[in-house]
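Colleague: Input: one structure, supplied below.
Chains as they are written, first to last, in my numbering: chain U, 151 to 377; chain V, 1491 to 1918.
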């Protein structure tokens, strides 16, 4: 999968490259609007990550030109402006998704995965990781064959973690995708922490292998404990 | 020169003089007309009396008319038909002086009398001259007096302006002197002082906010920096570095949240957050907020009761109001100790206003802080704020959320007994 990153801030560009490469993407970085414009016109990419504030050529302008030429490559825009108008403008210009700076790398990766998945129908009926199973139809959860009772919220969190298995899920992602709260200024972090702690009690406490890990300062991940 | 370009003092004087002149002139004119009418009536009376006298003398003793003419000093003529019975010298009365004449006639004879108007005219003329000289003098005096008086009356304004000019953003604590609080200038100075006090308070709040904001922003920055620097000085295991980076990221999180909150408030205060106000079922909203935060109360073994009356609605932006109520309930849970009681209620008043109450059994808020808790970064207990976390902006955001929706937020609290926040949303 080839990803083009158009970002003029050197440090951010480097972090994006490394973060994406760790997920085995083939990454090209363009450090100016001109360069990004050239690359997007001359090479094929599966996804474009586009900063809106670029020198020489505005990100939205590039985006509009690209869309006018009929390129269907999914585009995720990065912006420091997060008023409703800016978002609407971005999405109207043909962006598929947006992220507001400062953003968390795990969230960016999750968005890119979602963009690349889009259009494909993958109706999953069951989610599984190690001996933890989730049936999305009957809404039953079991570990090692042992049924686990979860509240609605806990079920949704676990489903989200299972869909992003092995990858870190940040609190912001949970806030937006599980709690469906768009405002970033809402004090939900404690609620999330408590809910995760309860979920952990239910799925991990009585089993020797712990699956739900906290990555300090980043978020949570469903994976086997590091040896 | 236009009147508007003159000083207030000059304008006052001019108006004063103008009005005074007009009044005096009208008065003088009135007096002249009155006196004139009086004098002529007296003259006419005299002529009538002359006619009567002459008539009597003529009927009784025609020969005495000459003696009568001598005594009266009036010019007259008595005729019978075309025959002149008697005529004083200087008849008919012509010449430079004007005469007032009157005639009395019957079938046999006719008497005509004329009297000189000179004395009447002389009197009127003298009166007019007196007035013509006295009026300008009086007006002149009045103008001078008015100018002096206006100067004295307006002196406080000059003093106010001088003092006001010396007051700048740095010396907002200075106040204007109020000489007499009862008069207009005293009231003006008092109003000006009130404005100054409000400005002073606003500046003070801004200064405090700037100091607080820089403190709140610097604290996580300092933590990130020192944690990073210390970690680089030593060789750590991979696990150790993970710890260090995690700790730095936590501070970044904190900083991000702070900036988000500050941005929200700044936008809100600049009126740049558009509200979509629709009819919202507050029971649903309150229930949703309570359900969302219930896990926190459960963790602290608190008793969170939700009391919902039938049909409580308000015309508001659900998202914004929800954020405000969330902040209130979040605070209530945060400050109420283990096993405490928290009550959330949505009711409506008799008048139809919607009321949302959030009551806790926390430490309460001292009366002196009741107003200030809604200020940005204001904290009742500074020592404790670091441990309990939070940005110190929750209540400021809550107040904005409620007031932006046309409501108000009330606070009742007893130290040691708990706090009650009441959100009142007027009937739409």
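In this text, a Cβ means the ideal position worked out from N, Cα and C, and glycines have one as well.
#1: What's the gap between the Cα of residue 1564 of chain V and the Cα of residue 1634 of chain V?
#2: For residue 1787 of chain V, tell me which candidate among V:1825, V:1759, V:1905, V:1763 has the shortest Cα-Cα distance.
#3: Let's test the definition: count the other Cβ atoms within 10 Å of the Cβ of residue 1505 of chain V and tell me whether it reaches 16, buried, or not, exposed.
#4: Grouping DSSP H, G and I as helix and E and B as strand, with all else coil, what is residue 1649 of chain V?
#5: On the premise that residue 1894 of chain V lies in contact with residue 1810 of chain V, defined as a C-beta separation below 8 angstroms, what is that separation, rounded to the nearest angstrom?
#6: With 8 angstroms set as the bound, which would you pick, yes or no: does the beta-carbon of residue 325 of chain U sit closer than that to a beta-carbon of chain V?
#7: Identify every run of the alpha helix (DSSP H) within the stretch 1668-1742 of chain V, keeping only runs that are complete inside it and at least 4 residues long; order them along the chain.
#8: Using a Cβ-Cβ distance under 8 angstroms, would residue 229 of chain U count as near chain V?
#9: Grouping DSSP H, G and I as helix and E and B as strand, with all else coil, what is residue 362 of chain U?
#10: Can you list the residues of chain U that residue 1739 of chain V reaches, using a CB-CB cut of under 8 angstroms?
#11: Mind reading off the beta-carbon distance from residue 1559 of chain V to residue 1583 of chain V? Whole number of angstroms is fine, and I expect it under 8 angstroms.
#12: Please report the residue range of the beta strand (DSSP E) in which residue 158 of chain U lies.
#13: Using the three-state DSSP reduction, which class does residue 290 of chain U fall into: helix, strand or coil?
#14: Using 8 angstroms as the threshold, is the C-beta distance between residue 1547 of chain V and residue 1540 of chain V below it?
#15: Residues of chain V with CB under 7 angstroms from residue 341 of chain U, in chain order?
#16: Got a sec: is the Cβ-Cβ distance from residue 177 of chain U to anything in chain V below 8 angstroms?
#17: Buried or exposed for residue 1701 of chain V, going by 16 or more other Cβ atoms inside 10 Å?
#18: Does any C-beta atom of chain U lie closer than 8 angstroms to the C-beta of residue 1791 of chain V?
#19: Give the straight-line distance between the Cα atoms of residue 1513 of chain V and residue 1638 of chain V, rounded to the nearest whole angstrom.
#20: Kindly indicate if chain V contains any beta-carbon less than 8 angstroms away from that of residue 319 of chain U.
#21: With DSSP as the reference, identify every bridge partner of residue 276 of chain U, one or two as the case may be.
#22: If the cut-off is 7 angstroms on Cβ atoms, which residues from the stretch 243-272 of chain U count as contacting chain V, listed in chain order?
#23: So residue 344 of chain U contacts chain V; which residues on that side make the cut at Cβ distance below 7 angstroms?
#24: Count Cβ pairs between the stretch 357-371 of chain U and the stretch 1724-1739 of chain V that sit closer than 8 angstroms; are there 3 or more?
#25: Using a C-beta cutoff of 8 angstroms, does residue 1759 of chain V count as contacting chain U?
#26: Check for me: the beta strand (DSSP E) holding residue 248 of chain U runs from which residue to which?
#27: Within the continuous beta strand (DSSP E) that includes residue 1794 of chain V, where are the two ends?
#28: Determine whether the Cβ of residue 1816 of chain V lies closer than 8 angstroms to any Cβ atom of chain U.
#29: Excluding the 5 residues flanking residue 382 of chain U on each side, which residues of the same chain have their C-beta closer than 8 angstroms to its C-beta?
#30: Specify, as a first and last residue, the run of the beta strand (DSSP E) that residue 1805 of chain V falls within.
#31: Got a sec: is the Cβ-Cβ distance from residue 1684 of chain V to anything in chain U below 8 angstroms?
#32: Is residue 1463 of chain V buried or exposed, if buried means 16 or more other CB atoms sit within 10 Å of its CB?
#33: Counting only runs of 3+ residues fully inside the stretch 1556-1602 of chain V, write out the beta strand (DSSP E) ranges in chain order.
#34: List, from N- to C-terminal side, the alpha helix (DSSP H) runs of 4 residues or more that fit wholly inside the stretch 170-229 of chain U.
#35: Can you give the Cα-Cα distance for residue 1761 of chain V and residue 1687 of chain V, rounded to whole angstroms?
#36: Starting from residue 1769 of chain V, trace the beta strand (DSSP E) both ways and give me its first and last residue.
Modeller: On the basis of the data shown:
#1: 51 angstroms
#2: V:1825
#3: exposed
#4: helix
#5: 6 angstroms
#6: Chain V places no beta carbon closer than 8 angstroms to that of residue 325 of chain U, leaving this residue out of the contacts.
#7: 1674-1723
#8: no
#9: strand
#10: 366, 367, 368
#11: Rounded, the Cβ-Cβ distance is 13 angstroms, inconsistent with contact.
#12: No beta strand (DSSP E) holds residue 158 of chain U; DSSP gives it neither H nor E.
#13: strand
#14: no
#15: 1782, 1783, 1785, 1786
#16: no
#17: exposed
#18: no
#19: 21 angstroms
#20: no
#21: U:285
#22: Of all residues in the stretch 243-272 of chain U, those with a C-beta nearer than 7 angstroms to a C-beta of chain V are 252, reading in chain order.
#23: 1785, 1786, 1789
#24: yes
#25: no
#26: 247-250
#27: 1793-1798
#28: yes
#29: Since the first and last residues shown for chain U are 151 and 377, residue 382 of chain U lies out of range.
#30: Run containing residue 1805 of chain V: 1803-1806, per the beta strand (DSSP E) assignment.
#31: no
#32: Residue numbering for chain V in the displayed model covers 1491 to 1918; residue 1463 of chain V lies beyond these limits and cannot be assessed.
#33: 1565-1570, 1573-1577, 1589-1595
#34: 183-192, 209-218
#35: 25 angstroms
#36: Its beta strand (DSSP E) spans residues 1768-1771.
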